[in-house]
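Residue numbers (my numbering), protein chains in the order written: chain A, 2 to 82; chain B, 7 to 430. Positions of the beta carbon are idealized from the N, C-alpha and C atoms, including for glycine.
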Amino acid sequence: MTRLICPFCGPRHLREFEFHKTVAAEGGSAFARVYERVDSAELSIEHWQHVGGCRGWLLVRRNPSTGAVTDCQLVGGGEPA
Amino acid sequence: MSIATPRYSAWSLLRARFAGDGYWRPLWTGRRLQSSYDVVVVGAGGHGLATAYHLARDHGLRVAVLEKRLVGYGNVGRNTTIVRSNYLLPENHYFYEDSLRRWETLSRDLNYNVMYSPRGVVDLALSDDDLAGMARRGNAMRLAGIDCELLDLGALERFCPELEPRRERRFPIVGALVQRRGGTVRHDAVAWGYARAASALGVDIIEDCEVTGVHSTGSVATGVETSRGRVRAERILFATAGHTGLIGRMLGVPLPVETHLLQAMVSEPIKPFLHTVVVYVFPGHGETYICQSDRGGLVMGGHLDGFPSYTREGRWDRLEEVVEGAVELFPSVGGVRILRQWAGTNDMTMDGSPIIDRLRYDNVYVNAGWCYGGFKAIPASGAACATLVATGTAPDLIRGFRLSRFATGHLLDERGGGPFPVRL
Numbered sequence: 002m003t004r005l006i007c008p009f010c011g012p013r014h015l016r017e018f019e020f021h022k023t024v025a026a027e028g029g030s031a032f033a034r035v036y037e038r039v040d041s042a043e044l045s046i047e048h049w050q051h052v053g054g055c056r057g058w059l060l061v062r063r064n065p066s067t068g069a070v071t072d073c074q075l076v077g078g079g080e081p082a
Numbered sequence: 007m008s009i010a011t012p013r014y015s016a017w018s019l020l021r022a023r024f025a026g027d028g029y030w031r032p033l034w035t036g037r038r039l040q041s042s043y044d045v046v047v048v049g050a051g052g053h054g055l056a057t058a059y060h061l062a063r064d065h066g067l068r069v070a071v072l073e074k075r076l077v078g079y080g081n082v083g084r085n086t087t088i089v090r091s092n093y094l095l096p097e098n099h100y101f102y103e104d105s106l107r108r109w110e111t112l113s114r115d116l117n118y119n120v121m122y123s124p125r126g127v128v129d130l131a132l133s134d135d136d137l138a139g140m141a142r143r144g145n146a147m148r149l150a151g152i153d154c155e156l157l158d159l160g161a162l163e164r165f166c167p168e169l170e171p172r173r174e175r176r177f178p179i180v181g182a183l184v185q186r187r188g189g190t191v192r193h194d195a196v197a198w199g200y201a202r203a204a205s206a207l208g209v210d211i212i213e214d215c216e217v218t219g220v221h222s223t224g225s226v227a228t229g230v231e232t233s234r235g236r237v238r239a240e241r242i243l244f245a246t247a248g249h250t251g252l253i254g255r256m257l258g259v260p261l262p263v264e265t266h267l268l269q270a271m272v273s274e275p276i277k278p279f280l281h282t283v284v285v286y287v288f289p290g291h292g293e294t295y296i297c298q299s300d301r302g303g304l305v306m307g308g309h310l311d312g313f314p315s316y317t318r319e320g321r322w323d324r325l326e327e328v329v330e331g332a333v334e335l336f337p338s339v340g341g342v343r344i345l346r347q348w349a350g351t352n353d354m355t356m357d358g359s360p361i362i363d364r365l366r367y368d369n370v371y372v373n374a375g376w377c378y379g380g381f382k383a384i385p386a387s388g389a390a391c392a393t394l395v396a397t398g399t400a401p402d403l404i405r406g407f408r409l410s411r412f413a414t415g416h417l418l419d420e421r422g423g424g425p426f427p428v429r430l
């Protein structure tokens, strides 16, 4: 995994992006959202930010065992203007 | 089919010299998996083996260590071999100091040379703020009776002349915190030494045996399901740091753990020039810690890769950053080539401190969340965790590492960074 494809900026080097955290399950407690993490060897759903570019918040789906990125969208599912 | 492990001594080495190949035996024996044990330890890394050793030695229990792959395949063989106890928070520095004291005598205790080398660990300060933070940490340690010294430039120059602390640089050095008893330990020897000593006490070390589930009746676990069949156990310990998130998933318990990669690298061997461990955190971005192995290679590491991963590969730009730091510190190594690079999977907890506690069942325990500090913790963790598993009560030394601290707010956030493993 050496790059992410930002919906605004296109393919950019990984060092422009910052991982924030894995996305918490719906309906969990505040404690769970702050402290607990969803760990999976096959599919990780994560919030990232393109800090070195458009600064957009991204929803990324990856396989943490291979590094393959299956999806990279804006959080909330909006389209780039 | 136990093979007697010979006791090593100067005399035994001399005998081996004349006895030829016939003298040397396997360090631990390939035993058959039995159907039932007092304790099943999952994971034959440093913590699992050390705990098994203490369970057998101090508590007289029948123990099996089940390992998915090979003894020492995980993080005990992937770290940068540094041991130290220079922590700010009492729960951490008392625990790691207990560990450092055990490192000092471990070769004798295990009758196996783990090559503890108290060459000192130097944290470099690049600003007055750095120095103030180090003074605070150093004072906390000295109040606890732990050795450490704050060095000005002159003292740093005397301790580590190869650093040339007064040389003009992009980020000038203003001082340092040194713990002289800190240093390095041969990491593979730790796994081998504990495996040998545990095996000699009757612990069954079973490689290529993956645990896939836990059997239970109500709130009591009765055994584990493995790739080699079912094993009954009175108590179960998961010592699988690097994969504890997946263990939590298997048991249906969400944990405050995220799995990140930390990479390390070693250069081709060069003549001895660096006699201590130097930790260099440079403003804004990177970190490099560097020491020279007995074989002459420069062993280096830095920050986490920064996102969850099980690939054990490591990102290239992090390697570049670590090497940049090393060359900035020691311009003379600029022409030295990197020989190998690797990565380990780290249990990163949401306050940066470990978890040693019961997990879900009355008789299931977890030894996890070692972040990037697991190697140096092995001897203390093994002894304390064995007491917890054998008696059901956590010794004072690890009471702060309980899992419930996240819910009750008693976090051990050494870094003061909040519930995120990655520095933002």
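Excluding the 5 residues flanking it on each side, Tyr122 (chain B) has same chain C-beta neighbours closer than 6 Å at Trp109 and Val191, in chain order. Look at Val370 (chain B) here: in three-state DSSP terms it is strand. According to the DSSP assignment, Trp198 (chain B) belongs to the alpha helix (DSSP H) that extends over His193 to Ala206. When DSSP reads this structure, Glu19 (chain A) sits in a beta bridge with A:Gln50. Scanning its chain for C-beta atoms nearer than 8 Å, with the 5 sequence neighbours on each side dropped, one finds around Phe288 (chain B) the residues Leu132, Phe177, Thr294, Gly331 and Glu334, in chain order.
For Leu268 (chain B), the enclosing beta strand (DSSP E) stretches over residues Val263 to Ser273. Taking 8 Å as the threshold, the shortest C-beta distance from Phe244 (chain B) to chain A does not fall below it. CA-to-CA, the gap between Glu73 (chain B) and Ile253 (chain B) works out to about 14 Å. Shown here for Ile362 (chain B): same chain residues with a beta carbon closer than 6 Å to its own, the five before and five after excluded, namely Asn373, Cys391, Ile404 and Phe407 in chain order. Sixteen is the threshold: when 16 or more other Cβ atoms of the shown chains lie within 10 Å of the Cβ of Lys22 (chain A), as they do, the residue is buried.
When the Cα atoms are used, Glu163 (chain B) and Glu264 (chain B) turn out to be separated by approximately 40 Å. With respect to the C-alpha of His65 (chain B), the residue from B:Gly78, B:Trp17, B:Ser338 and B:Val209 having the closest C-alpha is B:Val209. Using beta-carbon distances, Gly380 (chain B) does not count as an interface residue toward chain A, since no partner is under 8 Å. Measuring C-alpha to C-alpha distances from Gly380 (chain B) to each of B:Leu106, B:Thr414 and B:Glu319 identifies B:Leu106 as the nearest.
By a beta-carbon distance limit of 8 Å, Asn85 (chain B) contacts Gly350 (chain B). Their separation comes to about 7 Å.
Ranked by how close their Cα comes to the Cα of Gly219 (chain B), the residues B:Val370, B:Asp44, B:Ser410 and B:Pro360 have B:Val370 in first place.
Within the stretch 279 to 345 of chain B, the runs of alpha helix (DSSP H) that reach at least 4 residues and sit entirely inside it are, in chain order, 322 to 335. Taking 8 Å as the threshold, the shortest C-beta distance from Thr3 (chain A) to chain B falls below it.
For Glu37 (chain A), the nearest beta carbon of chain B is closer than 8 Å to its own beta carbon. If you look at Tyr102 (chain B), you'll find it in the alpha helix (DSSP H) that goes Pro96 to Leu116.
Under the Cβ distance rule, Pro289 (chain B) does not count among the residues neighbouring chain A, no pair being separated by less than 8 Å.
Taking a contact to require three or more Cβ pairs closer than 8 Å, the stretch 298 to 310 of chain B and the stretch 131 to 147 of chain B do not qualify as touching.
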